[in-house]
Amino acid sequence: MLFKTKEELMEAVQDHSIRHARREYYVTESSKTKWKVLCKHSTEGHVKCNPSYGIKHVIQNVKDQTGYDVPYQKAWYSLKMAREIVYGTWESSVKKLPAYLGAIQKYNPGTIVEWKHKGFQASTGKYVMGYVFWAFKPCIDGFQFCRNVISVDGTHLYTKYKYKLLIAAAMDGNQQVLPLAFAVVDEETYPSWKWFLQQLSRHVIRGRRGMCLISDRHGGLIKAVREGPDFVSPHGVHRYCLRHVCSNFNSTIKNVVLKDLCWQAGSEYQSRKFNRIMDEIKKQDVKAFAYLDAINKEKWTASHDGGWRCGILTTNMSECINGVLKGARRLPVSALVEITLERTVHYFHVRAIKGQKMLQNNQLWTDFACKMFISWQQKAVEHTVTKYSHAQQSASVVTRRQGRHGMNTHVVKIANRECSCGKWNQFGIPCSHAQKVCGAYNISAASMVKDYYDVMAYNNTYSKHFEPVQSEDYWDDPNFQLVHDPTIRTVTRPGRNQTTRIHNEMDWRQTRARQEAQHNKEILQYKKMCHRRIVDNTWNPGKSGAGGIFRDHNGCFLYAFSSSTGTNTNTTAELWALWTGLALAQEKGLKTLTIETDSKALLHLFRRNKEAPRHLIPLLRDCRTLWDEFHNVQIGFCYRKVNRAADSLAKYAATHPFCNYQFSSCPVFSEDILYSDSFPSH
202 MLFKTKEELM EAVQDHSIRH ARREYYVTES SKTKWKVLCK HSTEGHVKCN
252 PSYGIKHVIQ NVKDQTGYDV PYQKAWYSLK MAREIVYGTW ESSVKKLPAY
302 LGAIQKYNPG TIVEWKHKGF QASTGKYVMG YVFWAFKPCI DGFQFCRNVI
352 SVDGTHLYTK YKYKLLIAAA MDGNQQVLPL AFAVVDEETY PSWKWFLQQL
402 SRHVIRGRRG MCLISDRHGG LIKAVREGPD FVSPHGVHRY CLRHVCSNFN
452 STIKNVVLKD LCWQAGSEYQ SRKFNRIMDE IKKQDVKAFA YLDAINKEKW
502 TASHDGGWRC GILTTNMSEC INGVLKGARR LPVSALVEIT LERTVHYFHV
552 RAIKGQKMLQ NNQLWTDFAC KMFISWQQKA VEHTVTKYSH AQQSASVVTR
602 RQGRHGMNTH VVKIANRECS CGKWNQFGIP CSHAQKVCGA YNISAASMVK
652 DYYDVMAYNN TYSKHFEPVQ SEDYWDDPNF QLVHDPTIRT VTRPGRNQTT
702 RIHNEMDWRQ TRARQEAQHN KEILQYKKMC HRRIVDNTWN PGKSGAGGIF
752 RDHNGCFLYA FSSSTGTNTN TTAELWALWT GLALAQEKGL KTLTIETDSK
802 ALLHLFRRNK EAPRHLIPLL RDCRTLWDEF HNVQIGFCYR KVNRAADSLA
852 KYAATHPFCN YQFSSCPVFS EDILYSDSFP SH
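So for the sequence shown, our numbering puts the first residue at 202; every next one is plus one.
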């Protein structure tokens, strides 16, 4: 469009922003011949607020705001330019990295940064980037109050260059992930893993004995572990992730029923149950039995572990960090380091507040430990105990009969802090059998809980604080210059690069094959197949938002959404939350759904066919249309206190206008709420 004068241009832009775009703008340049403005709600703003902001979000936001379907290529270039404006290019980010990591060390003394350069360019006097390792001081100090278990994992960076991110993580006393260390390397190989584990031992473990390392069965990693002193007997142990063992097992055997039996065998805490399941596997397939029997039982089973794992069977700790950083893995390396810092700072801030609340409530242990202890305490009432040796404080415990189950005998030895059920040894909390025997000998079972569950230990984990990193003007010049290695580049192929791991059979626990194999349990299986979704809305004068979270029958995160709904009443926002959730469920191909909401008004509309206000009828009709597409949908009421995860997503949308996000991994602002609900029920 052409304008005769600058005034005409200004009037046209003002009119368009009010009538059509409905967006604020600001002037970036003004002269007699030029007048330049930018939208306050630009792509750059979305990219800065949400690193996971992708091409589909650009296309959707442009369509929502203007009604225009932007071509994919134009959206790609727009997003690429926005990321470069906000974060810079990979090459400029590598150049900036030494100064930025030096600034983190300057303002947070004790933070560890280690380099392994690939070479030196004599012509330029610059080092070529090889490996870089960083670990924040508060995380190193906080790990001293956690259990002796570390999970390590590697993941791709979604940039045009071929790099990997290595992550080490631990678990605090409240069953929450504590990031320990990160490294960027060129490949997951024996040299890179050896270097990473050396830095981890030197700077994080620091001679601490009795360590358990959990990882997948990567050949280079296994070789590197064998050469390190901290994870081999007698100083420590190396254990395999059970999920990866089952996945590899199924890739070879290709039988989902046997895969489920493999998981059951590995996750059982009693050797008799393990042997029974292995006999069943042998009965069905001798080759499958031989495959598992060839793996050292101490490496992959809870029943033969000896308590080293502390109840942790998989590498979900480090994979959880992978999920949180998924959007950041698209960004240049300096931005990746910055986001690892921001996420870790958020963890410490939120959990320090949570720890203080536990102290104010006079709790002995963390929420996780309290739930488990009380659950087993209630179960102990049903047991019968027979005392044997007062010196060893030993006894036998018989469980209550429950139909065809129960009446099992377990041996407890309080002096050795062990029970034949295996749970006390794994979790460090007296099981129901141990609590029953403690009562018989007038011993306090509470005194037997491991120290890392103590509220003071939890507070000490997050007692150290981070200092903000000031602007670049205050950074010190590094003593070397770094450049990117131009020989490292991903192999180009048609189409965009893959940014999400291809799901394998381990991502779906309930399968059609198992339904057919257990047809006589169709009703029970049908209920377990229902995916659970919790919806919520929030409303403040002038703004509202909708949020929802999908979980499977085990309570594990599947996906979530957070969507701004403009200015609305509570009921309207609730309906928008329901419509968004149903649309997402249909997109994901779900057939059965259980919906939980804390809105009684929404329940009245659907359960009692209450007459809806006129302005809600079109939206209600759309919801019912989507509803009818599913095989079975159930909706029920839940109290707000158990709806906190969805509530946090709704509040996020209400405070972020024009927000319309889908999350394939748990968002950081909801993670603590989500994972605090999960604990073993047996």
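Glycine residues also receive a C-beta, built at the ideal position from the N, C-alpha and C atoms.
Same chain only: Cβ atoms within 7 Å of residue 453, ignoring 5 sequence neighbours per side:
The residue labelled residue 453 in the question sits at position 252 within the sequence shown. Closer than 7 Å at Cβ, skipping near neighbours: 492.
In the DSSP output, what is residue 368 paired with across the bridge?
Residue numbering aside, residue 368 sits at position 167 when the sequence shown is read from its first letter. Note: residue 368 sits in a beta bridge opposite 354 and 383.
In chain order, each alpha helix (DSSP H) run of at least 4 residues that lies wholly inside the region 550-599:
568-581
Same chain, Cβ closer than 8 Å to residue 447, neighbours up to 5 away in sequence not counted:
To locate residue 447, count along the sequence shown from 1; it is residue 246. Once the five neighbours on either side are set aside, the close Cβ partners of residue 447 are 460, 463, 464, 467 and 707.
Output the distance between the C-alpha atoms of residue 775 and residue 800, rounded to the nearest integer angstrom.
For this step, residue 775 is matched to residue 574 along the sequence shown. For this step, residue 800 is matched to residue 599 along the sequence shown. So the two alpha carbons sit approximately 7 Å from each other.
Can you tell me where the beta strand (DSSP E) holding residue 448 begins and where it ends?
Translated into positions along the sequence shown, residue 448 becomes position 247. Segment 443-454 is the alpha helix (DSSP H) holding residue 448; no beta strand (DSSP E) there.
Helix, strand or coil at residue 468 according to DSSP, with G and I counted as helix:
The residue given as residue 468 occupies position 267 in the sequence shown. Residue 468: helix per DSSP, three-state reduction.
Between which two residues does the beta strand (DSSP E) carrying residue 611 extend?
Indexing the sequence shown from 1 puts residue 611 at position 410. Its beta strand (DSSP E) spans residues 610-614.
Could you tell me the distance, in whole angstroms, from the CA atom of residue 553 to the CA atom of residue 532?
Walking along the sequence shown from the start, residue 553 turns up at place 352. Walking along the sequence shown from the start, residue 532 turns up at place 331. Rounded to the nearest angstrom, the two C-alpha atoms are 29 Å apart.
Report yes if the CB atom of residue 516 is closer than 8 Å to the CB atom of residue 442, and no otherwise.
Counting from one through the sequence shown, the residue named residue 516 turns up at place 315. Counting from one through the sequence shown, the residue named residue 442 turns up at place 241. Cβ atoms of residue 516 and residue 442: closer than 8 Å.
Reduced DSSP secondary structure (H/G/I, E/B, other) of residue 321:
On the sequence shown, position 120 is the one that residue 321 refers to. In the structure shown, residue 321 sits in a strand (DSSP, three-state: E or B).
Please classify residue 400 as buried or exposed, where buried requires at least 16 other C-beta atoms within 10 Å of its C-beta.
As a working note, residue 400 is residue 199 in the sequence shown. Result: buried.
Residue 212, enclosing alpha helix (DSSP H) - first and last residue:
Sequence index remark: in the sequence shown, residue 212 carries index 11 (1-based). Where residue 212 is concerned, the enclosing alpha helix (DSSP H) stretches over 207-217.
Residue closest to residue 396, alpha-carbon to alpha-carbon, out of 384, 457 and 296
The sequence position of residue 396 within the sequence shown is 195, counting from 1. Cα-wise, what sits closest to residue 396 is 384.
How do the region 554-565 and the region 646-660 stand: do at least 3 beta-carbon pairs fall below 8 Å, yes or no?
yes
Rounded to the nearest angstrom, what separates residue 648 and residue 753 at their Cα positions?
For this step, residue 648 is matched to residue 447 along the sequence shown. For this step, residue 753 is matched to residue 552 along the sequence shown. Their backbone Cα atoms lie some 36 Å apart in a straight line.
Chain-order list of residues whose beta-carbon lies under 8 Å from that of residue 308 (same chain, five-residue window excluded):
As a first step, residue 308 is located in the sequence shown; it is residue number 107 there, counting from the start. Cβ within range, chain order: 668, 669, 670 and 671.
Secondary structure of residue 626, DSSP reduced to three states
As a first step, residue 626 must be located in the sequence shown, where it is residue number 425. If DSSP states are grouped into helix, strand and coil, residue 626 belongs with the helices.
What did DSSP end up calling residue 793 once you bin it into helix, strand or coil?
Against the sequence shown, residue 793 aligns to sequence position 592. Strand.
Report yes if the C-beta distance between residue 596 and residue 613 is below 8 Å; otherwise report no.
Your numbering for residue 596 matches position 395 in the sequence shown. Your numbering for residue 613 matches position 412 in the sequence shown. Yes, Cβ-Cβ distance for residue 596 and residue 613 is below 8 Å.
Along the chain, where does the beta strand (DSSP E) that runs through residue 532 open and close?
Here the question's residue 532 lines up with position 331 in the sequence shown. Counting along the chain, residue 532 falls outside any beta strand (DSSP E), and DSSP gives it neither H nor E.
As a quick exercise: from 849, 387, 337 and 398, pick the residue whose alpha carbon is nearest that of residue 666.
Translated into positions along the sequence shown, residue 666 becomes position 465. Checking every option, the nearest Cα to that of residue 666 belongs to 337.
Can you round the beta-carbon distance between residue 760 and residue 863 to whole angstroms, since I take them to be within the 8 Å contact cut?
Position 559 of the sequence shown holds residue 760. Position 662 of the sequence shown holds residue 863. So it is a contact: roughly 7 Å between Cβ atoms.
Using a Cβ-Cβ cut-off of 7 Å (strictly less than) and excluding sequence neighbours within five positions of residue 833, which residues of its own chain qualify?
As a position in the sequence shown, residue 833 is number 632, starting the count at 1. The residues are 793.
Beta-carbon proximity of residue 436 to residue 410, cut-off 8 Å:
One-based indexing of the sequence shown puts residue 436 at position 235. One-based indexing of the sequence shown puts residue 410 at position 209. For residue 436 and residue 410, yes; Cβs fall inside 8 Å.
Determine the burial state of residue 344: buried for a count of at least 16 other Cβ atoms within 10 Å of its Cβ, exposed for fewer.
Reading the sequence shown from its first residue, position 143 is the one you call residue 344. Buried.
Check whether the region 621-638 touches the region 563-577, taking contact to mean three or more Cβ pairs, one atom from each stretch, closer than 8 Å.
yes
Please report the distance separating the alpha-carbon of residue 302 from that of residue 292.
To locate residue 302, count along the sequence shown from 1; it is residue 101. To locate residue 292, count along the sequence shown from 1; it is residue 91. Cα to Cα, the separation comes out at about 16 Å.
Tell me the residue span of the alpha helix (DSSP H) that contains residue 335.
For the purposes of this step, residue 335 is taken as the residue at position 134 of the sequence shown. Here residue 335 belongs to no alpha helix (DSSP H); instead the beta strand (DSSP E) covers 332-336.
According to DSSP, is residue 402 part of a helix, a strand, or is it coil?
Residue mapping note: residue 402 aligns to position 201 of the sequence shown, counting from 1. If DSSP states are grouped into helix, strand and coil, residue 402 belongs with the helices.
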